[in-house]
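For reference, the structure discussed in these notes is given below.
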Amino acid sequence: AARRVPKASAASASLRRWSVGLVMTTAEERHLIFANRLATYGIPPPTREYRFAIQRRWRFDYCWPAQKLAVEIEGGAFSGGRHTSGVGFRNDIEKYNTAARLGWTVLRFLPENIGQTDTYEMILALLTRRAVEQGSDDAN
Numbered sequence: 001a002a003r004r005v006p007k008a009s010a011a012s013a014s015l016r017r018w019s020v021g022l023v024m025t026t027a028e029e030r031h032l033i034f035a036n037r038l039a040t041y042g043i044p045p046p047t048r049e050y051r052f053a054i055q056r057r058w059r060f061d062y063c064w065p066a067q068k069l070a071v072e073i074e075g076g077a078f079s080g081g082r083h084t085s086g087v088g089f090r091n092d093i094e095k096y097n098t099a100a101r102l103g104w105t106v107l108r109f110l111p112e113n114i115g116q117t118d119t120y121e122m123i124l125a126l127l128t129r130r131a132v133e134q135g136s137d138d139a140n
């Protein structure tokens, strides 16, 4: 019988493959790596698949609703994915502009950015800035 690998081990294996330059193949692997790296940087876990516009079915891949910070991982950019078609690109523009109008900051990354330090430094900096801004709003 096949032995089930615990999620922590799967994440560690994915991180090892990432570090030697092998391509990840699944969204779940990318999620495990992203979650692991967020924790490494002391970033609180995000909400996944958050529906931010009630009137639409739009969801953010990851977000921190209290800080109105979202992260989108744009897969398929080099393989003819939905985000690169004319219709997909137009729909993304509408989604991100609506998010901005509602006060959200949306960071967009490619899957390859999941392994890069500056991705997490950027997320942490924006979350920290939002916390400071919210603290000053509470003081007024």
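Residue 75 in the working numbering sits at position 75 of the sequence shown, and the numbers go up by one each step.
Backbone N, C-alpha and C fix where the C-beta goes; we use that ideal spot for every residue, glycine too.
Give the secondary structure of residue i by DSSP, where H, G and I count as helix, E and B as strand, and everything else as coil.
{"i": "residue 129", "result": "helix"}
{"i": "residue 142", "result": "The question about residue 142 has no answer here: the residues shown for the chain are numbered 1 through 140."}
{"i": "residue 124", "result": "helix"}
{"i": "residue 62", "result": "strand"}
{"i": "residue 53", "result": "coil"}
{"i": "residue 73", "result": "strand"}
{"i": "residue 98", "result": "helix"}
Which word fits residue i, buried or exposed, when buried means at least 16 other C-beta atoms lie within 10 angstroms of its C-beta?
{"i": "residue 118", "result": "exposed"}
{"i": "residue 54", "result": "exposed"}
{"i": "residue 45", "result": "exposed"}
{"i": "residue 133", "result": "exposed"}
{"i": "residue 37", "result": "buried"}
{"i": "residue 102", "result": "exposed"}
{"i": "residue 99", "result": "buried"}
Give the single residue among the options whose Cα lies nearest to the Cα of residue i.
{"i": "residue 92", "options": "30, 57, 36 and 41", "result": "57"}
{"i": "residue 41", "options": "121, 130 and 131", "result": "121"}
{"i": "residue 35", "options": "96, 115 and 74", "result": "115"}
{"i": "residue 30", "options": "135, 129 and 111", "result": "111"}
{"i": "residue 43", "options": "28, 27, 64 and 32", "result": "64"}
{"i": "residue 109", "options": "129, 33, 27 and 75", "result": "75"}
Would you mind stating whether residue i and residue j have Cβ atoms separated by less than 8 Å?
{"i": "residue 124", "j": "residue 67", "result": "no"}
{"i": "residue 60", "j": "residue 72", "result": "yes"}
{"i": "residue 62", "j": "residue 51", "result": "no"}
{"i": "residue 106", "j": "residue 131", "result": "no"}
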